[in-house]
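7 is the number of the first residue of the sequence shown in the numbering used here; add one for each residue after it. The structure appears below as structure tokens.
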Amino acid sequence: MDEALCSILCGEDYWHYYSGSRSIKFNSDGTGELELIPYICAQLEWQSTKRPSLTNETPRSNEPQILGEVELEITLKRMLPERFSPQEKEKWGWINASTLHDDAFKPKLFKVRIERGHFMEPIYLSSQRVTRYSLLLIFDQSPFSIESQWNHPEGGPESNEFWNHKEFVGRKDPTLERQGRAMNDTSPWRRNECVVS
7 MDEALCSILC GEDYWHYYSG SRSIKFNSDG TGELELIPYI CAQLEWQSTK RPSLTNETPR
67 SNEPQILGEV ELEITLKRML PERFSPQEKE KWGWINASTL HDDAFKPKLF KVRIERGHFM
127 EPIYLSSQRV TRYSLLLIFD QSPFSIESQW NHPEGGPESN EFWNHKEFVG RKDPTLERQG
187 RAMNDTSPWR RNECVVS
């Protein structure tokens, strides 16, 4: 994998869909974490399967800059992340296997793109005055597993459609709020804005 792209991918503590509970982390040693509290909190292993494509195109001022694309093989593990204490592992060690079918723990291929610009956490799209981030990580499919791989998708998973969470932000930068609407905000309207037709 290209060192610059790997450095960006692994340079963030976490990439967030929602910093309160929905995040993914990549470590440079091929390990990482996937967190979707209270449903998933798992170790993962990852590797690049194809040489990444890099781009040097200069975007228009209102568009993000594509830094590169890469194909990753990600394998979700049943174990809780190493940062958990032995007591926490004993208390919560069942969580991943009880939430997901065995198929969810098989290797999966993902196409991933990294963009630079000004973004907000995807959970807050159409909100105002939320923390901005300068990087966006876009998966072709959600790392939170497809609906058929959940043991009990009804309730929280179904109503939140976790299998559609494909974008994650990184590199917090509050100064970006002055640049106006976030580049990943695709909502047709925002509160406190007047729309004239």
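For each residue, glycine too, the CB sits at the ideal point set by N, CA and C. Only a predicted model underlies this, so the values are computations on that prediction, with no experimental measurement involved.
Under 9 angstroms between C-beta atoms of residue i and residue j
{"i": "LEU106", "j": "GLU77", "result": "no"}
{"i": "ALA188", "j": "LEU143", "result": "no"}
{"i": "TYR24", "j": "GLU39", "result": "no"}
{"i": "ARG84", "j": "ASN102", "result": "yes"}
{"i": "GLU79", "j": "GLN53", "result": "yes"}
Three-way DSSP call (helix, strand, coil) for residue i in this model
{"i": "PHE168", "result": "helix"}
{"i": "GLN155", "result": "helix"}
{"i": "ALA188", "result": "coil"}
{"i": "THR81", "result": "strand"}
{"i": "PHE174", "result": "strand"}
{"i": "LEU42", "result": "strand"}
{"i": "LYS114", "result": "strand"}
{"i": "GLN53", "result": "strand"}
{"i": "LEU15", "result": "helix"}
{"i": "SER148", "result": "coil"}
{"i": "GLU121", "result": "strand"}
{"i": "ASN198", "result": "Confidence at ASN198 is low in this model, with a pLDDT of 47, below 50, so the placement of that residue is unreliable and no value is reported for it."}
{"i": "GLY26", "result": "coil"}
{"i": "THR105", "result": "helix"}
{"i": "TYR130", "result": "helix"}
{"i": "TRP100", "result": "coil"}
With 16 other Cβ atoms within 10 Å as the buried cut-off, status of residue i
{"i": "LEU33", "result": "Per the sequence presented here, residue 33 reads as Asn, with Leu not at that position. Result: exposed."}
{"i": "ASN68", "result": "exposed"}
{"i": "ILE43", "result": "exposed"}
{"i": "PRO70", "result": "buried"}
{"i": "ALA110", "result": "buried"}
{"i": "GLY123", "result": "buried"}
{"i": "PRO163", "result": "buried"}
{"i": "GLY186", "result": "exposed"}
{"i": "GLN93", "result": "exposed"}
{"i": "GLU121", "result": "buried"}
{"i": "ARG119", "result": "buried"}
{"i": "VAL201", "result": "Per-residue confidence for VAL201 stands at a pLDDT of 44, beneath the threshold of 50, marking its modelled position as unreliable; the derived number appears in the next sentence. When all chains shown are included, VAL201 counts as exposed."}
Presumed contact (8 angstroms Cβ cut-off) between residue i and residue j, rounded CB distance
{"i": "HIS22", "j": "GLU167", "result": "Contact doesn't hold; Cβ gap of about 17 angstroms is too wide."}
{"i": "CYS47", "j": "LEU82", "result": "CYS47 to LEU82, Cβ: 11 angstroms. No contact."}
{"i": "ASP8", "j": "GLY74", "result": "7 angstroms"}
- Message: Counting beta carbon pairs with one atom in the segment 134 to 148 and one in the segment 174 to 181, are three or more of them shorter than 8 angstroms?
- Response: yes
- State whether the segment 144 to 160 contacts the segment 92 to 101, with contact taken as three or more CB pairs (one from each stretch) at a distance under 8 angstroms. no
- Query: Are the segment 155 to 162 and the segment 25 to 34 touching, with three or more C-beta to C-beta distances below 8 angstroms?
  - Reply: no
- Item | Touching by the beta-carbon criterion (3+ pairs, under 8 angstroms), the segment 10 to 20 and the segment 157 to 172 | no
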